[in-house]
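In the numbering used here, the protein residues as written are 1 to 210.
Cβ coordinates follow ideal geometry from the N, Cα and C atoms, glycine included.
First up is the structure itself, then whatever we jot down about it.
Written as structure tokens, this is what we have:
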């Protein structure tokens, strides 16, 4: 099977079996999603969703968050991983949004990465989910699934992103990000993937080697 054929089969399967794939993070606007994605680094969406309601009640806007101190921010996010660093990043991000962008979350990937706590993955998530830009955010799930199935042959997230971008049509990239994440979260899990019940058996390089 050629790589092109594999992509065609994988994308067709997802389109048929997961037509409504969306982020599991709960948010109401671009600012809230940006906060949630920063908090979700090395942390589960479930955990983030547990604390963001109270967080957004206290800090409903970038200006409100920028006016707070990191100690107070920490109190609201202490249950996530690396709360000290994330509190500093969230405050720095809010200060820059308020001072440089009139409180509005940028749409451009490179501009987003100027914000404290925002790396390429986070920037791609915002650009893709909020602004429907044709980019692929590669987190740990996307990296694992893409390379395990055979969509990519890469040792870094950036190289994985480049290969996915090359083969996935622009119109499908925003939803393909969610397809791969959700598949990695519930089926193609890290330690012992559920290959016996996976619908991608016929086009999966990993399954072919079992």
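What is the residue span of the alpha helix (DSSP H) that residue i lies within?
| i | result |
| --- | --- |
| residue 33 | 30-40 |
| residue 5 | 3-17 |
| residue 27 | It is not in any alpha helix (DSSP H) - residue 27 carries neither H nor E in the DSSP assignment. |
| residue 109 | 109-112 |
| residue 184 | 173-186 |
| residue 208 | 205-208 |
Does the beta-carbon of residue i have 16 or more other beta-carbons within 10 angstroms, so that it is buried, or is it exposed?
| i | result |
| --- | --- |
| residue 171 | exposed |
| residue 156 | exposed |
| residue 78 | exposed |
| residue 12 | exposed |
| residue 66 | buried |
| residue 106 | buried |
Quick one: does residue i have its CB under 8 angstroms from some CB of chain B?
| i | result |
| --- | --- |
| residue 41 | Of the protein chains in the structure, only one exists, and it is not chain B. |
Can you find the residues in the same chain that come closer than 7 angstroms, C-beta to C-beta, to residue i, ignoring five residues on each side of it along the sequence?
| i | result |
| --- | --- |
| residue 113 | 119, 120, 123 |
| residue 22 | 178 |
| residue 10 | 149, 151, 200, 203 |
| residue 194 | 187 |
| residue 143 | 157, 160 |
Please list, in chain order, all residues of the same chain as residue i whose beta carbon is under 6 angstroms from its beta carbon, the five residues on each side excluded.
| i | result |
| --- | --- |
| residue 62 | 31, 94, 97, 98, 103 |
| residue 167 | 7 |
Completely contained alpha helix (DSSP H) runs for the stretch 120-161, where each covers 4 or more residues: 120-129, 140-149
Segments assigned alpha helix (DSSP H), at least 4 residues, entirely inside the stretch 35-83: 45-58, 62-66, 70-77
The stretch 130-148 contacting the stretch 180-188, beta-carbon criterion three pairs below 8 angstroms: yes
Three CB pairs or more closer than 8 angstroms across the stretch 140-155 and the stretch 49-62: no
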